[in-house]
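Keeping their order, the protein sequence lines are chains X, G and D. Sequence positions in the first sequence follow the numbering used here and run 1 to 398. Sequence positions in the second sequence follow the numbering used here and run 1 to 263. Sequence positions in the third sequence follow the numbering used here and run 1 to 544. Structure, as structure tokens:
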Amino acid sequence: MADAPIFIDPAKCKACKKCITACPFDALYMEGKLAVVKPDECRACNACVKACPFKAISSTAKDEVKKTSLGDFKGIWVFAEQHHGKVQEVAYELLSTGRRLANERGCELAAVVLGHEVADSASHLIAAGADKVYIVDQPDLAEYEANVYTDALNQLIAKYKPEVILAGATAVGRAFFAKVAVRARTGLTADCTALSIDKESHLLHQTRPAFGGNIMATIMTPNHRPQMATVRPKVFKMSTPDPKRKGETLMEALKLVTAGTKIVKSERNASNVNIAEAEIIVAGGRGLKKAENLEQLKKLAELLGGVVGVSRACVDAGWISAAHQVGQTGKTVCPKIYLAFGISGAIQHLEGMRAADTIIAINNDPNAPIFGIADLGIVGDLFEILPMLIEAVEGKKR
Amino acid sequence: MHIIVCVKQVPDTANVRINPETNTLMREGVESIMNPFDEYALEEALRLKDAHGARVTVITMGPPQADVVLREAMARGADDGVLLTDRAFAGADTLATSYAIAQAIKKINAKPDLVLFGKQAIDGDTAQVGPGVSEFLDVSLVTYVKSVQVSGDTFTVETVMDEGTDVIEGKLPAVMTVVKEASSPRFASLSGWMEAKKTAIPRWGAKDVGATPEACGLNGSPTKVVKIFAPPTKTGGVRMDGREEPAAAVQAILKALQDKGVA
Amino acid sequence: MANTTKQPIHTDILCVGGGIASLSTALALLRTLKAQGKALPRVTVVEKSRSVGNHVLSGAVIDPSGFKGLLTEEEISKMPVEARVSKEAFHMLFNAKRAMEIPWVPPMMQAHGYPVGSLTKLTQYFAQLCEKEGAEVYTGFAATELIENAKGRVVGVKIGDKGVDRDGQPKSNYTPGETIFAKVVVLGEGACGILTEKLIKSKGLEGRREQSYAVGIKEVVEVPANEERVGEIAHTFGYPSDWSTYGGGFVYHVSPTQVMICYAYALDYARPETDPHLLFRKFKAHPVMAEHIKGGKSVAYGAKVIPEGGYYSVPEVVADGALIVGDGAGLVDTLRIKGIHIAIQSGRAAAETIAECLAKNDFSLEALRPYADRLKQTEGWKQLKRVKNVRAPFSTNLVLGVMSAGCAWATGGALPFWQVPMAPDHEEMLPLKGGKLPEPETVEAGPTSPDRLTDVFMSGTIHDEDQPCHLKILDRATCAKCIKLYGAPCQRFCPAEVYRLEEGHIHVDFSNCLHCKTCQIKDPFQNIEWTFPQGGDGPRYTRM
């Protein structure tokens with residue numbers, strides 16, 4: 001009975017238990033001298049297939065082949081999210097990565113813009129690496145609305161059949177992209193931190209964190225197209241634009257569904273920000289000594305386009321609200337950059353930020369535990385270093 | 001009004017680790033909990049029940065022991081619950097999960113007024129199932145909801161966007177995903193638990209909800225997990241003494257920031 | 001909004017605390033009545049931790065005599081305690097480096113073949129059996145007050161409120177605690193149970209001697225896989241305790257990859273600079289112990305007090321409307337360091353009594369009294385009696401203690417026959433020598449020697465921080481005296497780094513609390529009152 005995605009050949013199984021050790025999902029156990037799989041737990045990651053030294057395990061998963069030949073799908077697309085006519089930075093970051101992937105794959109890179117009065121974004125997108133820019137410039141796309149945007153993108157996909165589409169994992173990107181993927185009956189991997197093209201299969205390898213960042217998973221969409229992935233802002237670097245690049249702009253006019261909802265009011269202010277989603281966090285702890293010293297952190301955060309985080313001590317002391325608390329009893333964050341000023345790094349705090357990509361710590365105690373995980377650890381006086389750093393960043397901006 | 005809330009039983013991921021040597025999940029000592037975002041979704045549903053007398057049904061897809069989260073939801077005030085459980089569902093990615101859940105919702109009520117999800121599950125972290133279900137139900141989607149008001153068949157919600165909040169209006173039915181900025185979830189009272197223990201929870205499999213096997217579980221999942229590994233452990237990198245020459249330290253910090261495309 | 005007008009709940013038997021004593025009471029009662037073909041009463045167990053077992057911590061090498069007659073053979077074989085004691089050793093540690101293995105394990109300590117493993121897991125197993133028999137077990141609900149009627153009879157409990165902010169104001173999810181009335185309340189709160197202590201005081205139920213305690217500090221260490229060592233256990237005494245304080249440690253290999261290591265230190269210690277967590281680390285660093293955890297990594301931590309007063313400190317176990325079972329009644333044989341089987345036996349004795357009360361529909365004080373007699377008939381009680389004078393002499397001197405132990409064993413408890421006096425734990429602390437704290441000792445940190453805060457993290461303890469501080473410092477002016485005289489010992493005797501002296505003020509980080517009760521017991525001015533935090537909060541032990 002092919003109930004489970006893997007089959008263990010009783011003739012070949014030698015009860016060495018290597019498969020049980022290899023299984024990340026606890027899906028295998030021994031029944032006497034034969035390894036047995038729990039179908040409910042098995043995720044067909046095939047780790048056991050690879051681990052068995054006797055080739056006793058094989059995969060039974062039937063790979064569904066779509067009616068439309070996969071070869072019809074060509075090209076890498078980047079959804080260029082825009083707000084009020086301005087293309088978001090994440091799009092440029094994705095175009096840089098997209099360019100690399102397109103070169104590896106040997107295909108075209110295109111940007112897709114949905115909006116109103118957005119035609120002049122094309123030149124910037126081409127300079128950033130796009131070979132083609134598809135623009136749908138209509139009044140009904142002026143404000144993001146899930147159903148309308150989904151309809152637009154799916155129509156384009158049906159018409160042009162891209163092999164890969166990338167989007168920023170922003171509030172907008174994550175939401176409607178998931179709808180697009182389901183409508184296209186294809187696979188979507190969210191919050192990727194690494195993307196590459198497999199040399200043999202030419203498939204997109206998508207790596208992302210799961211279980212709150214405690215494990216990493218690499219995922220592929222072998223038999224469905226387009227292969228879709230979202231990437232968080234600031235995960236990939238934006239390369240320098242090349243204004244000399246040439247590309248094609250295609251204006252599309254689409255007949256779209258009417259919006260199901262409308263925005264009645266919009267408030268934009270930085271104070272509502274959720275630090276758990278922030279890519280840059282400037283954090284302070286007990287070493288700040290006084291509430292007033294948080295002002296400098298706020299300044300630096302603003303300059304870098306990030307948010308302020310604190311250890312529990314600052315919240316207990318009443319300097320700032322618990323919304324900014326990072327740690328076991330506060331928020332868990334996974335920013336690109338975590339700058340820690342005057343934080344010793346007790347494990348309760350580390351648990352909240354150890355997933356950060358780059359940790360820079362400044363503390364005058366050389367034995368502070370935070371130095372154990374900091375990528376760059378500075379033993380020094382934060383009251384000297386912080387103002388100098390602010391000045392230096394301001395200088396760069398000018 | 002009939003509100004359906006989809007909840008998930010997840011491991012308390014703060015404690016889940018991967019053994020970097022064997023690449024296996026270390027789950028000893030990790031307890032199962034109701035997905036925290038789903039608690040907020042349930043709270044919004046219960047507030048609407050308090051205000052309008054709505055019926056709240058909770059549904060979860062998981063192994064048989066996942067019925068605990070349904071009982072917990074009922075102990076807090078949900079009226080009834082359904083457990084979607086079947087070997088056929090195992091190994092489902094977000095597409096196959098969205099499909100199965102949408103089938104179950106259609107069986108509970110062909111026209112529910114509101115379907116609520118927590119923004120994301122803290123194990124998968126994808127935030128895709130809510131939007132996926134809205135597709136399969138062909139119903140409006142609103143994401144990152146902080147509060148829900150309903151008047152007749154019109155809803156007004158506050159949503160949390162990247163740099164602020166929006167107020168959005170629309171007509172029911174709708175699928176919404178709820179964030180933690182929403183109202184604090186209520187506690188289950190002892191008498192609530194006592195009632196919940198008495199309520200029967202039906203179990204539905206793929207056949208019961210009319211889900212075609214090819215679209216369920218692993219077979220219905222376009223995405224495949226190829227590898228699982230431990231994130232690189234940080235062991236402390238470059239150390240500098242910034243006491244004598246803070247200027248050099250500042251330059252090092254600046255460079256590190258620039259290398260990452262910041263500053 | 002939450003329903004704030006709830007009717008009181010009525011049940012037949014209410015067990016406060018979801019530990020092994022309460023669960024044994026529930027299980028034994030329901031099975032006895034089923035066997036007799038009688039109608040089953042409503043049995044309700046309320047437990048303050050989030051899940052069953054989260055606040056349970058013990059060694060444990062379990063005397064299996066408690067299970068026979070309560071569990072079937074199949075149930076005993078399926079207990080989640082997979083190891084059996086295969087090899088025992090007994091060591092006297094002289095100092096940081098030297099030790100001597102006692103060539104024979106004292107007969108009263110012998111435990112060959114006994115199950116050895118996690119009481120947390122065993123408790124979870126018992127809870128499942130209870131629920132199968134029809135008991136209702138509710139977790140996340142703290143019984144914060146006993147309710148008495150006008151005649152002073154215990155008629156039920158009040159459950160604590162939830163959703164109260166740090167200033168005592170109701171939050172948006174405020175849920176007032178409910179009231180449960182029962183025909184009889186079984187108190188199974190564990191060592192230093194708050195309601196139990198209050199009841200004992202208010203009804204004058206004290207034993208001949210005030211209860212005395214030790215604090216047990218324990219870690220689970222993951223070690224490189226070693227099948228052969230499973231079932232190996234070792235007990236020690238001596239270093240790092242001084243010669244006039246009862247302290248000892250153990251190490252148990254409970255699975256190929258898990259070792260349990262613990263140090264128990266009596267709370268009648270005298271030196272104010274004493275830091276039991278530090279003693280635990282010194283203990284682990286001793287070559288004899290280090291060998292057991294070599295190449296390992298501490299993965300779980302916890303602490304709890306153990307009642308050590310023994311026979312003379314057991315209170316009256318029956319009050320009007322209430323029975324006390326388990327550690328709350330101090331039913332621990334401190335020589336063998338075994339109390340689980342006695343807890344189970346006390347639960348069964350209570351169950352038999354309750355069954356009779358149900359048959360006669362009479363739950364009066366007279367009808368409950370036979371529990372005390374039944375308790376005295378149990379094997380566990382006899383063991384307690386035999387070692388009634390063993391513990392106390394250890395407070396004078398280790399040698400004297402050992403002599404008493406040997407004497408008691410040899411004479412079956414007849415000698416020594418006088419009651420050796422013991423002062424209450426909190427009175428034993430001496431002032432700082434020279435008014436100053438000595439230099440704190442340090443132990444090298446490592447994967448098997450985490451600092452206190454890292455250990456606290458591994459206990460999984462978590463409390464909603466927006467709630468009133470549950471550790472009440474009764475008189476802040478007294479703190480100043482204590483700081484001067486004893487150097488604020490709360491900073492050291494708390495195994496969870498809850499108390500911190502900063503600029504002359506004691507800060508209370510209550511969210512670190514392990515609910516061990518050491519502070520309430522050891523504070524020399526009795527200036528700390530342990531009260532209940534929000535139900536569901538506290539440690540999350542899963543394999544202690």
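Backbone N, C-alpha and C define an ideal beta-carbon position, used for all residues, glycine too.
- request: Please go through the same chain and pick out, in chain order, the residues whose beta-carbon is closer than 6 Å to the beta-carbon of S188/D, but skip the five residues on each side of it.
  value: Reading off the sequence, residue 188/D comes out as Gly, not Ser. The residues are C15, G17, G19, A21, S22, V325 and G326.
message: For the pair the segment 148–158 of chain X and the segment 122–130 of chain X, tell me if three or more CB-CB distances fall below 8 Å.
response: no
message: I'd like to know whether the C-beta atoms of L205/D and E366/D end up nearer to each other than 8 Å.
response: Not in contact: L205/D and E366/D (Cβ atoms no closer than 8 Å).
message: Is it buried or exposed, W104/D, if we count other Cβ atoms within 10 angstroms and call 16 or more buried?
response: exposed
task: Flag I407/X as yes if its beta-carbon sits less than 8 Å from any beta-carbon of chain D, otherwise no.
output: The requested residue 407/X is not part of the displayed model; chain X covers only 1 to 398.
message: My output table needs one value for R374/D: the three-state DSSP class, helix, strand or coil.
response: helix
message: Taking the alpha carbon of E273/D as the reference point, which residue from P370/D, P489/D, V299/D and A319/D has its own alpha carbon closest?
response: Comparing Cα-Cα distances from E273/D to each of P370/D, P489/D, V299/D and A319/D, the minimum goes to P489/D.
- prompt: From the beta carbon of K290/X, is the nearest beta carbon of chain G less than 8 Å away?
  reply: With 8 Å as the cut-off, K290/X does not count as an interface residue toward chain G.
query: What is the DSSP secondary structure of T556/D, counted as helix, strand or coil?
result: Since the first residue shown for chain D is 1 and the last is 544, residue 556/D is missing from the structure and cannot be characterised.
task: State the Cα-Cα distance for the pair N274/X and R225/X, rounded to the nearest angstrom.
output: 34 Å
- request: For the segment 49–137 of chain G, list the beta strand (DSSP E) runs that are entirely contained and at least 3 residues long, ordered along the chain.
  value: 55–61, 80–84 and 114–118
- request: Report all residues from its chain with a CB closer than 7 Å to the CB of G213/X; omit the five preceding and five following residues, and keep chain order.
  value: Result list for G213/X: C334 and A355, in chain order.
query: What is the rounded straight-line gap between the Cα of M194/G and the Cα of P41/D?
result: 15 Å
Interface residues of chain G facing N173/D [CB-CB closer than 7 Å]: The contacting residues are S184, P185, R186 and F187.
- prompt: Which residues, taken in chain order from the segment 322–356 of chain X, show a beta carbon closer than 8 Å to some beta carbon of chain D?
  reply: A322, Q328, T329, A346, I347, Q348 and E351
task: Flag this pair as yes or no: are the beta carbons of M109/D and G302/D separated by less than 8 Å?
output: no
- request: Measuring alpha carbon to alpha carbon, tell me which of K282/D, R386/D, A35/D and A480/D ends up nearest V443/D.
  value: Nearest to V443/D by C-alpha distance, out of K282/D, R386/D, A35/D and A480/D, is K282/D.
query: So with Cβ pairs under 8 Å, would you call V250/G a contact of chain X?
result: True, the Cβ-Cβ gap to chain X drops below 8 Å.
field: the segment 231–239 of chain D / the segment 249–259 of chain D touching (three or more Cβ pairs under 8 Å)
entry: yes
task: Give the DSSP bridge partners of V310/X, in chain order.
output: G284/X and Q325/X
- prompt: Under a Cβ-count criterion, where at least 16 other Cβ atoms within 10 Å of its own Cβ denotes burial, should M216/X be classed as buried or exposed?
  reply: buried
query: Would you call K397/X buried or exposed, if buried means 16 or more other Cβ atoms sit within 10 Å of its Cβ?
result: exposed
message: Suppose you measure from the CA of L471/D to the CA of C216/G; what does that come to, to the nearest Å?
response: 52 Å
message: Closest to C107/X by C-alpha separation, out of K17/X, V164/X and M228/X, would be which residue?
response: For the residues K17/X, V164/X and M228/X, the minimum Cα distance to C107/X belongs to V164/X.
task: Quick one: measure Cβ to Cβ for E44/G and A174/G, integer angstroms, because I've assumed they're closer than 8 Å.
output: That pair is no contact at about 12 Å.
query: From the DSSP output, which residues share a beta bridge with N137/X?
result: Per the sequence presented here, residue 137/X reads as Asp, with Asn not at that position. Beta-bridge pairing links D137/X to G115/X.
contact_flag[the segment 528–537 of chain D, the segment 44–59 of chain D] where n(CB pairs < 8 Å) is 3 or more: Because the criterion of three Cβ pairs below 8 Å is met, the segment 528–537 of chain D and the segment 44–59 of chain D touch.
query: Run through DSSP, which three-state label would H596/D get?
result: Since the first and last residues shown for chain D are 1 and 544, residue 596/D lies out of range.
Contact set between D162/G and chain X, taken where Cβ atoms lie within less than 7 Å: T170 and A171
message: Does F126/D come out as helix, strand or coil in the three-state DSSP assignment?
response: helix
message: Is there a C-beta anywhere in chain X that falls below 8 Å from the one on K207/G?
response: It does not; no Cβ of chain X falls within 8 Å.
query: In its own chain, which residues sit with a C-beta less than 7 Å from the C-beta of T4/D, not counting the 5 before and 5 after it?
result: No answer about T4/D holds up, because its pLDDT of 49 lies below 50 and its placement is not dependable.
- prompt: Of all Cβ atoms in chain X, is any one closer than 8 Å to the Cβ of G454/D?
  reply: For the record, residue 454/D in the displayed sequence is Thr; it is not Gly. Chain X, which has a Cβ nearer than 8 Å to the Cβ of T454/D, makes this yes.
query: Which word fits A2/D, buried or exposed, when buried means at least 16 other C-beta atoms lie within 10 angstroms of its C-beta?
result: In this prediction, A2/D scores a pLDDT of 43, lower than 50, which makes its location untrustworthy; no coordinate-derived value is stated.
field: Cβ pair G168/X, Q88/X closer than 8 Å
entry: yes
query: Does the beta carbon of E189/D sit closer than 8 Å to a beta carbon anywhere in chain G?
result: So, not an interface residue.
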